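In what follows, a structure is listed as structure tokens, so that the remarks can point back to it.
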Amino acid sequence: MSTHPTTSLALWVTLAATALTAAVVAQWYGRWKNNRPPVKWRRVGELLELTLYPLKSGRGIDLEEADCAELGLCTTDKRRLVLRDRFFLAYNASSGEFVTARGHPKMVLIQVVPREDGDVTFLAPGMPELRVRLPAEGSAVEKRECTTTASQKNVKCAGIKSGICGTVARISDHYTTEAAVNIWIAWINYMSFNERVVTVDCGEDAALWMSQYIQGRSGIRLGYHLIPVVPRRRVSVGVLAAFHAVYTSLTDHDT
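If you use mature numbering (1 follows the signal peptide of the UniProt record, and there is no 0), the sequence shown corresponds to residues -23 to -1, 1 to 232, in order.
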């Protein structure tokens, strides 16, 4: 008894489709199994030190404990302003390049101290206290066009609508004075990839303080990462696309 050619072809197609489906399911299950959190944990090491750096390249704060939040480590003392790791950054007002201790070693002596009233204080040798009041997370922003002083090129920025955007100590005084600071968003070039990211500028008094201490002349500004004004980075475009090609589970929400 012979088998009809059409029946044999259909059988082979069915077998091939079944095998392909099984392979895809097996691959998916393997990835799911490898990526899911383990049910049983085993000790592989011991954490000896825990240091948080509120200002990138500034002086670190040694911690006994820390919260592992969505955007990294943060302090646990809710009575004071919660400090997050590297949520302050100094950058060049002209080029937009971020500034680190590699080029300005004095930065490692800048201390960031949280206050109970929600303000934050910057301290450095030979400098008066700089006190900054940060806008609340989720503050409303008004999109507008700004012009940088150095390059005179239009850059995207935003002004915080709140009447009290910042409280700082002017460097000419040795006491704290109230001052409304216009906070705006500036594009900066970050990392060695020349990636452009957004930071919230902390105003003229903070820029004057940072500039005088770091390099003795104007040109340095202080940026702050304000949630959710500062947008998340997109993993499918730009420099992160290479990471996304390897770590396919990486999403914009992870940045």
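Even for Gly, the Cβ is constructed at its ideal location relative to N, Cα and C. From a predicted model like this one, the values you see are computed outputs, not experimental measurements.
Within 9 Å, strictly: CB atoms of residue i and residue j
i: residue 83; j: residue 197; result: no
i: residue 202; j: residue 60; result: no
i: residue 68; j: residue 180; result: no
i: residue 27; j: residue 42; result: yes
i: residue 89; j: residue 34; result: no
i: residue 49; j: residue 63; result: yes
Chain-order list of residues whose beta-carbon lies under 7 Å from that of residue i (same chain, five-residue window excluded)
i: residue 92; result: 57, 58, 98
i: residue 102; result: 86
i: residue 15; result: none
i: residue 168; result: Reliability of the predicted coordinates at residue 168 is poor, the pLDDT of 45 falling under 50, and the value obtained from them is presented with this limitation in mind. Same-chain partners within the cutoff: there are none.
Cβ-based neighbour list, residue i, same chain, cut-off 6 Å, excluding 5 preceding and 5 following
i: residue 38; result: 29
i: residue 195; result: 188
i: residue 52; result: 59, 60
i: residue 81; result: 191
i: residue 151; result: Confidence at residue 151 is low in this model, with a pLDDT of 28, below 50, so the placement of that residue should be treated as unreliable; the coordinate-derived value is given next. For residue 151, where only same-chain residues beyond five positions count, the Cβ hits under 6 Å are 105.
Residue i - partner residues in DSSP beta bridges
i: residue 88; result: 100
i: residue 198; result: 68
i: residue -10; result: In DSSP, residue -10 forms no bridge with anything.
i: residue 61; result: 51
Boundaries of the beta strand (DSSP E) in which residue i is found, first to last residue
i: residue 78; result: Segment: none, residue 78 is in no beta strand (DSSP E) and carries neither H nor E.
i: residue 70; result: No beta strand (DSSP E) contains residue 70, which DSSP labels as neither H nor E.
i: residue 218; result: Run containing residue 218: none in the beta strand (DSSP E); it sits in the alpha helix (DSSP H), 217 to 223.
i: residue 109; result: 107 to 110
i: residue 44; result: 44 to 46
i: residue 50; result: 49 to 51
Endpoints, the alpha helix (DSSP H) within which residue i is located
i: residue 235; result: The requested residue 235 is not part of the displayed model; the chain covers only -23 to 232.
Which listed residue (the options) has its alpha carbon closest to that of residue i
i: residue 32; options: 231, 176, 70; result: 176
i: residue 96; options: 55, 104, -9; result: 55
i: residue 110; options: -14, 25, 182, 63; result: 182
i: residue 70; options: 215, 193, 178; result: 178
i: residue 24; options: 18, 15, 11, 40; result: 40
i: residue 225; options: -8, 104, 12; result: 12
Cβ-based neighbour list, residue i, same chain, cut-off 8 Å, excluding 5 preceding and 5 following
i: residue 227; result: 212, 217, 220, 221
i: residue 10; result: none
The ligand FMN heavy atom lying under 8 Å from the CB of residue i
i: residue 102; result: The ligand content of the structure shown is nil, which means the ligand FMN is not present either.
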